[in-house]
Amino acid sequence: FVGAYAFYGTEIVNAYIPAELEQIGDFAFCNCPELENITVDPQNSLYSDVDGVLYNKDMTELVCYPAGKTESTFYLSSLVEEIKTMAFYNCNLVKLVNYDGSVSAFRRIQVGAGNETFENAVVTYVAGATAQANTQIAEK
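Using this note's numbering, read the sequence shown as starting at 5 and increasing by one per residue.
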């Protein structure tokens with residue numbers, strides 16, 4: 005169990021989620037400006053990662069986009085139905101979101117509070133943009 009606000013405001017750079025971990029509390033990795041990567045053991049039954057971004061296992065929920073990532077473009081899978089509250093908190097470098105789905109599907113994504121960076125990014129709709137990410141999940 006990783007408690008709510010467990011690493012809030014710390015200077016961790018990498019986080020590893022072991023197979024046994026069953027719960028990550030709200031905002032556990034929020035406001036970690038140095039956090040570049042979250043890696044999840046492939047045997048974890050509840051969580052997964054793609055390119056260092058934390059999702060639930062089936063990728064319907066984006067849990068945390070690390071604030072220390074340096075990419076300005078983010079590839080969002082059409083599998084995502086919800087972006088958890090504060091998932092993009094303090095992720096000011098994200099300027100472009102390439103979404104692998106339709107405009108109407110994108111509009112149905114539930115976006116929690118505190119995700120202004122994500123909400124202010126330019127969105128492009130690119131079929132196949134996350135094919136690699138979806139393949140990685142299927143292989144896990």
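No residue lacks a Cβ here, since even glycine has one placed at the ideal position from N, Cα and C.
Since we're looking at a predicted model, the values are computed, not measured.
*Is the beta carbon of Tyr51 sitting closer than 8 Å to the one on Asn41?*
no
*asked:* Let me confirm a value: Phe33 is counted as buried when at least 16 other C-beta atoms fall within 10 Å, else exposed. Which label applies?
replied: buried
*In whole angstroms, what is the alpha-carbon distance linking Asn48 and Leu58?*
12 Å
*Report the residue from Asp30, Val126, Ala91 whose alpha carbon sits nearest the alpha carbon of Gln114.*
Considering only alpha carbons, the answer is Ala91.
*Applying the criterion that 16 or more other CB atoms from any shown protein chain within 10 Å of the CB defines a buried residue, is Tyr103 buried or exposed?*
buried
_Per the DSSP calculation, Leu83 is bridged to which residue(s)?_
Per DSSP, none; premise fails for Leu83.
*Assign Asp62 to buried or exposed, taking buried as 16 or more other Cβ atoms, counted over all protein chains shown, within 10 Å of its Cβ.*
Under this definition Asp62 is an exposed residue.
*Give the single residue among Asn124, Leu25, Glu15 whose Cα lies nearest to the Cα of Asp45.*
Leu25
*Per DSSP, what kind of secondary structure is Asn124 in: helix, strand or coil?*
If DSSP states are grouped into helix, strand and coil, Asn124 belongs with the helices.
*Exposed or buried, which one is Val17 when buried takes at least 16 other CB atoms within 10 Å?*
By the beta-carbon neighbour count (other beta carbons within 10 angstroms, threshold 16), Val17 is exposed.
*Cα-Cα separation, Val126 to Gly29*: 30 Å
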